[in-house]
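What the sequence shown shows, in the numbering used here, is residues 103 to 211, in sequence order. Glycine included, each C-beta is placed from N, C-alpha and C at the ideal position. Bear in mind that the values here come from a model prediction, so they are computed numbers and not experimental data.
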Amino acid sequence: MTINLDELEAVARAATPGPWLAIPSRRERGAYEILGVAPVVRTSTPTMLHIAAFDPPTVLALIAELRRARECIEKVRGWWMSDQAPTVSYKQYLGLNAILATYDQEGAS
103 MTINLDELEA VARAATPGPW LAIPSRRERG AYEILGVAPV VRTSTPTMLH
153 IAAFDPPTVL ALIAELRRAR ECIEKVRGWW MSDQAPTVSY KQYLGLNAIL
203 ATYDQEGAS
């Protein structure tokens with residue numbers, strides 16, 4: 103799965119700012135409503151709790167953390183490919199290359 107951070111960030115910034123709170127609905131038995139969002143949204147408990155947990159500040163913090171992690175990986179990659187990398191065993195070499203290859207296949211976007 104490729105995650106488009108720019109798109110997610112734009113959606114989070116355009117949304118009603120959090121924090122959001124899921125509360126039991128007074129209108130519908132078994133439904134929940136989110137406070138902090140207009141209009142009020144009603145849906146099932148797991149969906150509502152999920153929506154409330156991923157308010158814009160939370161999504162923006164996750165995006166920032168992921169971007170920092172990606173930067174770190176790219177710095178390690180640059181260091182690893184440079185003349186500054188230390189002499190390592192063949193096993194260590196294969197291990198780091200495997201980690202970077204996994205990142206390239208699963209996480210880069």
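From the DSSP output, in three-state form, read off Ser-211 for me. One-based indexing of the sequence shown puts residue 211 at position 109. In this prediction, Ser-211 has a pLDDT of 49, which is less than 50 and means its spatial position is unreliable; what the coordinates show is noted afterwards. The answer is coil: DSSP assigns Ser-211 none of H, G, I, E or B.
Compute the Euclidean distance between the alpha carbons of Leu-137 and Thr-160, then round it to the nearest angstrom. Your numbering for residue 137 matches position 35 in the sequence shown. Your numbering for residue 160 matches position 58 in the sequence shown. When rounded, the distance between both Cα atoms is 16 Å.
Please name the residue, chosen from Ala-187, Ile-153, Ser-191 and Gly-180, that lies closest to Thr-118 on a Cα-to-Cα basis. As a first step, residue 118 must be located in the sequence shown, where it is residue number 16. With distances taken between Cα atoms, Thr-118 lies closest to Ile-153.
Where does Ala-116 land, buried or exposed, given buried means 16+ other C-beta within 10 angstroms? Looking up residue 116 in the sequence shown gives position 14. Per the 10 Å Cβ criterion, exposed.
For the beta strand (DSSP E) containing Pro-126, name the first residue and the last one. The residue labelled residue 126 in the question sits at position 24 within the sequence shown. Segment 123-126, the beta strand (DSSP E) holding Pro-126.
Is the distance from the Cβ of Trp-182 to the Cβ of Leu-198 below 8 Å? Numbered from its first residue, the sequence shown carries residue 182 at position 80. Numbered from its first residue, the sequence shown carries residue 198 at position 96. Yes.
For Glu-176: DSSP bridge partner residues: Residue mapping note: residue 176 aligns to position 74 of the sequence shown, counting from 1. Bridge partners of Glu-176: none, in fact.
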